[in-house]
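Yeah, the sequence shown ends on 199 if you go by numbering that gives the first Met the number 0, and it's all consecutive.
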Amino acid sequence: MRLFTTLTSPYGRIARALIIEKGYEDKIELVPTVTRTLDTPVLDHNPSGRVPTLVFEDGRFLEDTKLICEYIDSLENPPALAPLDSWEAKHLEARVRSMLDGIAVWVREVRRPANEQSPDIVAHETRRALRLAGVFNQLIADGAFDGPLDLAQLTLACTLHRPNGYPNTIFDWRDGNANLGAWIDRMSERRSLQETLPPT
Ligand SMILES: N[C@@H](CCC(=O)N[C@@H](CS)C(=O)NCC(=O)O)C(=O)O
Numbered sequence: 000m001r002l003f004t005t006l007t008s009p010y011g012r013i014a015r016a017l018i019i020e021k022g023y024e025d026k027i028e029l030v031p032t033v034t035r036t037l038d039t040p041v042l043d044h045n046p047s048g049r050v051p052t053l054v055f056e057d058g059r060f061l062e063d064t065k066l067i068c069e070y071i072d073s074l075e076n077p078p079a080l081a082p083l084d085s086w087e088a089k090h091l092e093a094r095v096r097s098m099l100d101g102i103a104v105w106v107r108e109v110r111r112p113a114n115e116q117s118p119d120i121v122a123h124e125t126r127r128a129l130r131l132a133g134v135f136n137q138l139i140a141d142g143a144f145d146g147p148l149d150l151a152q153l154t155l156a157c158t159l160h161r162p163n164g165y166p167n168t169i170f171d172w173r174d175g176n177a178n179l180g181a182w183i184d185r186m187s188e189r190r191s192l193q194e195t196l197p198p199t
């Protein structure tokens, strides 16, 4: 199996971190790629062109980070992730992913030429991300992220553990969110986080 992703994608990072947590670095080959070009190799496998894309030997593929992670974690080695086996756990994962989806819109917006960017979209996504950082800060204080590693935790860590931030964005999520900052710092000690840091 091959995992196509950019090395900067937080979505791709979640799958890459899981591969390390699962002990599958030898089983799933990482194929660093570019996206959003006419000749991206992702299009040889997946018409959406999105990453991460997991490609099987027979040419079939999976896209969508959550689905890819569920698939990888279902394979032979013991599961690396605690199951999302309550509505509360499923919802927590969805809420973290909701923050990441907003940040992805934000980052995409600021990648456009300056005269094409929408200050409204940037402001909207900045507010959303900061609101949700405050929510997770409180949920951490309530113990919601204390359990064994699950997809919500891995997603939150891969989204926020980014020492150099997201390009061209000002996202001071640590400001006023000490619990969240301490939690991310603890999570970032994992080898899976250290070895998937986006290149500077
Ligand atoms: N819902 C998808 C989102 C993945 C996504 O948006 N990936 C971005 C990179 S961060 C991408 O592939 N962009 C390339 C494109 O839009 O063509 C998932 O969970 O995997």
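Ideal Cβ positions, reconstructed from N, Cα and C, are used throughout, including at glycine.
This structure is a prediction, so every number in the text was calculated from the model and none was measured.
Identified DSSP bridge partners for PRO31: Looking at the DSSP assignment, PRO31 forms a beta bridge with THR4.
Can you say whether VAL33 is buried or exposed, counting buried as having 16 or more other CB atoms within 10 angstroms of its CB? It is exposed - the Cβ of VAL33 has fewer than 16 other Cβ atoms within 10 Å.
To which residues of the same chain is GLU194 closer than 7 Å at the C-beta, ignoring the five residues directly before and after it? Within the same chain, Cβ atoms closer than 7 Å to the Cβ of GLU194 are found at ILE19, the five residues on either side in sequence being excluded.
Is it buried or exposed, THR36, if we count other Cβ atoms within 10 angstroms and call 16 or more buried? With fewer than 16 Cβ atoms within 10 Å of its Cβ, THR36 is classed as exposed.
I want to check one thing, is the minimum distance from the CB of TYR10 to the heavy atoms of ligand 1 below 7 Å? Under cutoff, so the answer is yes.
Which of helix, strand or coil does DSSP assign to GLU188? If DSSP states are grouped into helix, strand and coil, GLU188 belongs with coil.
Any idea if GLU28 is buried or exposed, counting beta-carbon neighbours within 10 angstroms, 16 or more meaning buried? Burial check for GLU28: the Cβ neighbour count within 10 Å stays below 16, so the residue is exposed.
Assuming GLU62 is part of the beta strand (DSSP E), what are its boundary residues? DSSP places GLU62 inside the beta strand (DSSP E), whose first and last residues are 60-62.
Following a CB-centred definition, is ARG15 positioned closer than 7 Å to any heavy atom of ligand 1? No, ligand 1 has no heavy atom inside 7 Å of this Cβ.
If you run the structure through DSSP and keep just helix, strand and coil, what is VAL104? Per DSSP, reduced to three states, the secondary structure at VAL104 is helical.
The segment 161-178 in contact with the segment 79-93 per 3-pair CB rule at 8 Å: Remark: fewer than three beta-carbon pairs, one from each stretch, lie closer than 8 Å, so the segment 161-178 and the segment 79-93 are not flagged as touching.
Pick helix, strand or coil for THR52, following the three-state DSSP scheme. DSSP places THR52 in the strand class (E or B) of the three-state scheme.
Report the residue from MET0, ARG107, ALA140, THR158 whose alpha carbon sits nearest the alpha carbon of GLY58. Nearest of MET0, ARG107, ALA140, THR158 to GLY58, Cα basis: MET0.
From the DSSP secondary-structure annotation, give me the bridge partner or partners of ASP149. ALA81.
Report all residues from its chain with a CB closer than 8 Å to the CB of ILE71; omit the five preceding and five following residues, and keep chain order. If we look at ILE71 and ignore the five residues flanking it on each side, its Cβ neighbours are ALA14, LEU17, ILE18, LYS21, TYR23, ILE27, LEU53.
Please classify PRO197: does DSSP put it in a helix, a strand, or coil? The answer is coil: DSSP assigns PRO197 none of H, G, I, E or B.
Any heavy atom of ligand 1 within a distance shorter than 7 Å of the CB on THR199? For THR199, the Cβ stays outside the 7 Å cut-off from all heavy atoms of ligand 1.
Quick one: using the 10 Å Cβ neighbour count with 16 as the cut-off for buried, is THR199 buried or exposed? Taking a 10 Å sphere around the C-beta of THR199, we find fewer than 16 other C-beta atoms and assign the residue as exposed.
Checking 8 Å against the spacing of the C-beta atoms, do VAL106 and ILE120 come in under that value? Result no, Cβ atoms of VAL106 and ILE120 do not sit closer than 8 Å.
Where ILE169 falls: helix, strand or coil (DSSP): DSSP places ILE169 in coil when its eight states are reduced to three.
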